[in-house]
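Structure first, then comments.
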Amino acid sequence: MVDQKPRFRVNADGTLTHTGGPAPTVSVDSLGAYNQGFAPAINTVFDGDKFPGGFGPTQIQFVDYWTLRERSSQLFNDNLYAKGLIRRLVTNEINTGLTPEASPDERVLGLPLGSLAEWTDLVESRYALWADDATLCDFHHQQTLAELQQTSRREALIEGDALIVMHHSQRTQLPMIELVPGRNVMTPIGGSDRPNNGNVIEYGVEMDANRRVVAHWVRQDDGTSKRVPAWGSRSGRRVSWLVYGTERRHGAVRGEPLLSTVLQSLKEIDRYRDSAQRKAVVNSILAMFIEKNNDKPGTLPMQGGAVRRDTVGVADSNVPDRKLDILQYHPGMVVQELQQGERPVAFQGGTDVDFGAFEEAIVQSIAWANQIPPEILRLAFSNNYSASQAAINEFKIYLNMVWGLIGSTFCQPIYKNWLLSETLLGRIEAPGLLDAWRDGMRQDIVGAWTAADWYGTIKPSTDMVKAVRASRELLAEGLTTRAREARITTGTKYGKNVQRLTRENEQLQNALAPLLTMQEQASAAGNASAVNAIEDKIAEIMGDVRDG
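In terms of my numbering, the sequence shown has 39 at position 39, counting the first letter as 1, and numbering is strictly consecutive.
Pasting the structure below:
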C-alpha cells in the first residue's frame with residue numbers, strides 16, 4: 001500500500017523540504033491576501049458587531065413612563081413574583097425604619113472632641129419622639145416616619161419615583177411630611193411645557209436654564225395642576241423633591257420602575273405557573289379513562305355533565321345525552337359497569353416536571369439583576385455556613401449602599417429641616433447654626449451641625465459566637481472600634497449601651513445588697529456553708545453559676 005501522506009525534512013535553517021508523497025493541494029484564492037511584511041490596513045467602523053448584522057437592529061429608545069408605571073402597578077397587584085420581590089426589598093432595606101446616629105463634626109465647629117456626646121443623645125431622643133407620632137410627622141396624620149419610609153420606598157420601586165412634600169405645621173412649628181405618588185407628578189394637560197419665566201417642564205418637573213429643579217407639578221383630584229416649589233422662596237428650606245427606586249441615567253428627570261426590565265419575564269413565568277397548576281388539578285381528577293376496542297356505544301359514565309354532549313345511536317328524545325362534567329365528581333370515582341370492548345386505562349398525565357428548574361432559573365436571573373442573593377429572595381437557605389454567610393455579606397454590601405442612598409435622599413433633608421425648627425424653638429442648642437444657615441459662605445457649619453449617619457435593621461450573623469470572637473480580636477488589634485462593632489453586630493449605639501449598662505449594674509448592685517450583708521454576717525460567724533450558699537445564689541443571679 002502506497003503511503004499517501006506528504007513527508008517533509010526540517011533543514012538546518014528551519015525551513016521544510018518536501019521529500020516524498022503527494023504534495024498538499026490548497027486553492028490559492030482561499031488563502032486571501034498574503035504579505036511577507038505587514039498585512040494591509042483595512043478601514044472599518046467599530047459598532048459592536050463581530051460580523052455584519054451580528055448585533056441586530058439598533059433601537060433608539062424613548063422611555064414611556066406612563067406605560068411602565070401602569071404595567072408595574074398591575075404586576076405588583078396580581079403577580080406573586082413581582083409582589084415578593086418588592087416586599088423582600090422593602091423588608092430588608094427599611095424594615096422598622098432607618099434611624100439616625102447624630103455625628104456633628106466637632107473639629108469643624110471648633111469644639112473639644114467628645115464634648116457633644118450628650119447633645120447627640122438629646123437630639124436622637126427628641127427626633128425619635130417626633131418621628132414615632134403620626135400626628136406630628138405625617139401631613140395626613142396616618143403614618144409614623146418609619147411607615148412613611150416604607151411607603152415611599154415601595155411606591156418608588158413600583159412606579160419609579162415618589163414626591164416628598166415638606167409642610168410646616170402652624171400648631172407645632174415643626175415639619176410635616178406629605179407623600180405624593182409619582183403618577184400624580186405630570187406636566188399640566190393643555191398647558192404650555194414652557195412657563196413664562198423661561199423654565200421648561202419635563203414629565204411634571206420644572207427646571208431652569210441650567211436644568212436645576214425649581215418646582216414639581218402635581219395633578220389634583222379635580223383635574224387641575226398645582227405647582228409645588230422645590231425650595232422656599234424666603235426660608236431657603238427644601239420643600240419638595242423626588243425619591244427614586246433605582247438609579248437614573250444622566251439627564252433623566254424621572255425614575256423607571258424596578259420591574260421595568262423584567263415585566264415580560266415576570267408575566268410569562270406567572271402564566272406558566274398558572275398553567276402548570278391548572279394542569280395538575282385537572283390531572284388529579286382524571287384518574288383513568290375508558291379505552292374502546294369495539295364499535296359500540298360507550299358506557300354512560302355515572303350521570304350529569306357538560307364537557308361533551310353526544311346523542312348515542314338514534315335521535316330519540318327519550319335517550320339521555322351522554323355527557324361528563326369533571327366539576328360534578330370527586331377524585332377517585334369508579335365506573336360500575338362497562339360495555340363489551342371497553343377497559344379502564346390509567347391516565348398517565350401529571351404535573352410539569354420541568355417547571356421547578358425553569359422557575360428557579362428565572363428567579364435567579366431576576367435576583368442577579370437586582371443585586372439580591374437568590375437565597376434571600378427565595379427565603380431558601382439550604383447551603384452550608386460559609387455559603388450562607390457569603391450570601392448575607394454580599395447582601396450587606398447592597399444594603400449599606402441603599403441605606404446611604406435613602407438616608408441622603410429621604411431622611412437627611414427631613415432631619416435637617418427638623419433640627420433647624422427645633423433650634424429656632426430653643427429646644428436644642430446649636431450655637432452658630434442659625435447664623436450660618438442665613439450666610440451662604442458658612443454652609444460648612446450647617447453641615448457640621450446637621451451631619452448624621454443612617455442605619456437600618458442589622459441582619460444578625462448566622463453564628464453569633466463566631467462574630468463576637470471576631471469582633472474581640474479586631475478590637476484587640478486596634479482594627480475597629482466598639483462603636484462600630486456595636487452598630488454592625490447588634491444595631492445599637494455603644495455610648496447608649498454603656499449608659500444603660502451602668503444604670504442596670506447599679507440596680508443589680510442594689511438588689512444584691514441584702515445578700516451581700518447576709519454573706520458578711522455569715523462570714524463573721526464562721527458559717528462556711530452559709531457563705532457558700534449565698535455565693536452560689538449571687539452567682540446564679542449574675543448568670544454565672546459555677547460548674548459542680
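A virtual CB, placed ideally from N, CA and C, is assigned to each residue, including glycine.
In this text the structure is predicted, and so the values were computed from the model without any measurement.
1. Tell me which residue opens and which closes the beta strand (DSSP E) that serine 225 is part of.
2. Determine the DSSP secondary structure at arginine 219, reduced to helix, strand or coil.
3. Between the alpha carbons of tryptophan 437 and valine 446, how many angstroms are there, rounded?
4. Would tyrosine 65 pass as an interface residue toward chain D - the criterion being a Cβ-Cβ separation below 8 Å?
5. Roughly how many angstroms separate the alpha carbons of arginine 278 and arginine 87, rounded to a whole number?
6. Go ahead and label tryptophan 66 buried or exposed: buried means 16 or more other beta carbons lie within 10 angstroms of its beta carbon, across all protein chains shown.
7. What are the boundary residues of the alpha helix (DSSP H) that serine 152 is part of?
8. For methionine 441, which three-state DSSP category applies?
9. Got a sec, what are the start and stop residues for the beta strand (DSSP E) serine 240 sits in?
10. How far does the beta strand (DSSP E) with isoleucine 562 in it reach, from first residue to last?
11. Counting only the same chain and skipping the five closest in sequence on each side, list residues whose C-beta sits under 6 Å from that of glutamine 143.
12. Measure the C-alpha to C-alpha separation of serine 421 and proline 175 and round it to an integer number of angstroms.
13. How about valine 90 and glutamine 150: do their beta carbons lie closer than 8 Å?
14. Rounded to the nearest angstrom, how far is the Cβ of isoleucine 613 from that of methionine 186, given a contact under 8 Å?
15. Flag this pair as yes or no: are the beta carbons of isoleucine 164 and glycine 456 separated by less than 8 Å?
16. So, with DSSP's three-state summary, where would you put methionine 186?
17. What would DSSP say about alanine 430, mapped onto helix, strand or coil?
18. For serine 386, which of Ala467, Arg238, Thr172, Thr492 has the nearest alpha-carbon?
19. Counting Cβ pairs, one atom from each stretch, are 3 or more of them under 8 Å apart for the region 525 to 532 and the region 492 to 507?
20. Quick one: grab the DSSP three-state call for arginine 254.
21. Specify the secondary structure class of leucine 98 as computed by DSSP and reduced to three states.
22. Closest to arginine 487 by C-alpha separation, out of Gly356, Gly432, Asp435, Asn400, would be which residue?
23. Unbroken alpha helix (DSSP H) runs of length 4 or more, entirely within the region 52 to 137: which are they?
24. According to the neighbour-count rule (16 or more other Cβ atoms, all chains shown, within 10 Å of its Cβ), is arginine 211 buried or exposed?
25. I need the DSSP call for glycine 305, collapsed to helix, strand or coil.
26. Does the contact criterion of 3 or more C-beta pairs under 8 Å hold for the region 372 to 386 versus the region 264 to 276?
27. According to DSSP, methionine 166 sits in a beta bridge with which residue or residues?
28. If we ignore side chains and look at the alpha-carbon of each, how far apart do phenylalanine 550 and alanine 102 end up?
29. With burial defined as no fewer than 16 other Cβ atoms inside 10 Å of the residue's Cβ, what is the status of lysine 226: buried or exposed?
30. Return the Cβ separation of tyrosine 398 and glutamine 364 in integer angstroms, given the expectation that the two are a contact with Cβ distance under 8 Å.
31. How many Å lie between leucine 75 and serine 265 at the Cα?
32. So, for lysine 537: in the same chain, excluding its five sequence neighbours on each side, which residues have a beta-carbon less than 8 Å away from its beta-carbon?
33. Following a CB-centred definition, is valine 281 positioned closer than 7 Å to any heavy atom of the ligand PLP?
34. So proline 257 packs on glycine 160, CB below 8 Å; how close in whole Å?
35. Report back the beta-carbon spacing between valine 213 and valine 205 to the nearest angstrom; my notes put them in contact at under 8 Å.
36. Just to confirm the assignment: which complete alpha helix (DSSP H) runs, minimum length 4, are found wholly within the region 472 to 523?
Let me lay it out:
1. 225 to 229
2. strand
3. 6 Å
4. This model lacks chain D altogether; it includes just one protein chain.
5. 26 Å
6. exposed
7. 145 to 159
8. helix
9. 240 to 244
10. No answer is possible for residue 562: it lies beyond the span of the chain, which begins at 1 and ends at 548.
11. Ala134
12. 8 Å
13. yes
14. The requested residue 613 is not part of the displayed model; the chain covers only 1 to 548.
15. no
16. coil
17. coil
18. Ala467
19. no
20. coil
21. coil
22. Asn400
23. 65 to 78, 80 to 93, 106 to 109, 117 to 131, 134 to 137
24. exposed
25. With a pLDDT of only 34 at glycine 305, under 50, the local geometry of the prediction cannot be trusted, and the value read off the model is given with reservation. Glycine 305 falls in the coil class under three-state DSSP.
26. no
27. Ile177
28. Nothing about residue 550 can be reported from this structure: the residues present for the chain run from 1 to 548 only.
29. exposed
30. Tyrosine 398 to glutamine 364, Cβ: 16 Å. No contact.
31. 11 Å
32. Leu515
33. Because no ligand of any kind appears in the structure shown, any question about the ligand PLP cannot be addressed here.
34. 5 Å
35. 6 Å
36. 482 to 490
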